[in-house]
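One structure is given here, and the rest of the page talks about it.
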Amino acid sequence: MEIVIFAGMAVVAAASGVLVIAQRHAVYSALFLIITMGALAGIYVTLAAHFVWAVQILVYAGAIMVLFVFVIMLLNLPREEVRWAAFDARRIRVAAILGAGLLGELILMLIHGGAHGAAELSPGFGTTEVVGRLLFTQYLFPFEVTSIILLVAIVGAMVLAKGHYGK
Amino acid sequence: MHVPLWAYLGLSAFLFVVGVIGVATRRNALIIFMSIELMLNAVNLSFVAFSRFHNSMEGQIFVFFVMAVATAEVAVGLAIILAIHRNRETVDVAELNLLKW
């Protein structure tokens, strides 16, 4: 049962992942990216990561993709006539070779190291309570640093998007 | 029957490579950005899978920090794309060659 769910989710995630980079219009890319993130959220459930599942849906498929779609609508881009960089196919060939090499390398790595069996889970693994306790005790300092990163990002985004600076 | 670890890592590797190919081949800055998001998601999948298979919560904690950085990156990056579009009327990275030597 578990393997059927994983296989279904994995096929959906992989197929829509490929479709993200194969669209002529950015809106379709964004929609396929939402599907990829939803499928990954389903995989997180099978990995007993319940809180990560919720955050994946809320933050990624929700907030980040809404921001993407909002900007796409704001820019009102035309349909792309030339989809790929430099259609003489030289760069695409280089990218395909490098991508295949990277994929082969990663597969080689996980053949050697990916046979690890699943450990017995401790009670409460992946629940909000355990995650919250860790974030506010052992990882309190990185958690606070994260808030500064977000503050800097908010200020930076406002300054950049506001425009007509220097006047 | 349980799903082995290599299946999760294989999917993660595949999604990461799709993201790399997207960044290397596409010209629309927005789609390049989405490819970067795809790569970040692929790495998150690896973190969660390792977290599950080693019974350690650290992987999931790290996923939150990755997500926070991704959110900050998207906010600033989309603001930059908006600013570029306002000045140059394009988001085609092939035409943004002002800093090219």
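Protein chains in written order, with this note's numbering: chain H, 46 to 212; chain U, 848 to 948. Beta carbons: idealized from backbone N, C-alpha and C, even for Gly. Small disclaimer: the values here were computed from a predicted structure and weren't measured.
query, result
"Against chain U, with Cβ distances strictly below 8 Å, would F51 of chain H count as a contact?", "yes"
"Starting from the beta carbon of G171 of chain H, find every residue of chain U whose beta carbon is closer than 7 Å, and list them in chain order.", "Q907"
"My guess is that G62 of chain H and V865 of chain U are in contact by the Cβ rule of under 8 Å, so how many angstroms apart are they, rounded?", "5 Å"
"Run through DSSP, which three-state label would R874 of chain U get?", "coil"
"Measuring alpha carbon to alpha carbon, tell me which residue in H:I48, H:I199, H:M46, H:V65 is nearest I927 of chain U.", "H:I199"
"Here's the rule I'm using: 16 or more other beta-carbon atoms within 10 Å means buried, otherwise exposed. How should V190 of chain H be labelled?", "exposed"
"V90 of chain H to W98 of chain H, Cα distance in whole Å?", "6 Å"
"Drop a sphere of 10 angstroms on the beta-carbon of L945 of chain U, count the other beta-carbons inside from all chains shown, and report buried for 16 or more, exposed for fewer.", "exposed"
"Taking contact to mean at least 3 C-beta pairs separated by less than 8 Å, is the stretch 883-891 of chain U in contact with the stretch 851-862 of chain U?", "yes"
"Please tell me whether I117 of chain H has its Cβ less than 8 Å away from any Cβ of chain U.", "yes"
"Does any CB atom of chain U fall closer than 8 Å to the CB of V97 of chain H?", "yes"
"Could you pull the start and end residues of the alpha helix (DSSP H) that H932 of chain U belongs to?", "905-935"
"Pick out whichever of H:A52, H:V111, H:V100, H:S74 has its Cα sitting closest to the Cα of I88 of chain H.", "H:A52"
"With distances taken between CB atoms, is the gap from S893 of chain U to I66 of chain H smaller than 8 Å?", "no"
"With burial defined as no fewer than 16 other Cβ atoms inside 10 Å of the residue's Cβ, what is the status of A60 of chain H: buried or exposed?", "exposed"
"Output needed for V940 of chain U: all residues of its chain with C-beta closer than 6 Å, excluding positions within five of it in sequence on either side, in chain order.", "R874, A876"
"Measuring only the C-alpha atoms, how far is L85 of chain H from I908 of chain U?", "17 Å"
"Is A917 of chain U closer than 8 Å to L195 of chain H when the C-beta atoms are compared?", "no"
"At the 8 Å Cβ level, is T91 of chain H part of the contact set with chain U, yes or no?", "yes"
"Looking at G171 of chain H and A94 of chain H, is the spacing between their C-beta atoms short of 8 Å?", "yes"
"Does the distance from the C-beta atom of M904 of chain U to that of V176 of chain H stay below 8 Å?", "yes"
"As a quick exercise: from H:L205, H:L92, H:L103, H:V197, pick the residue whose alpha carbon is nearest that of A919 of chain U.", "H:V197"
"How should F186 of chain H be labelled, buried or exposed, when 16 other C-beta atoms within 10 angstroms of its C-beta is the threshold for buried?", "exposed"
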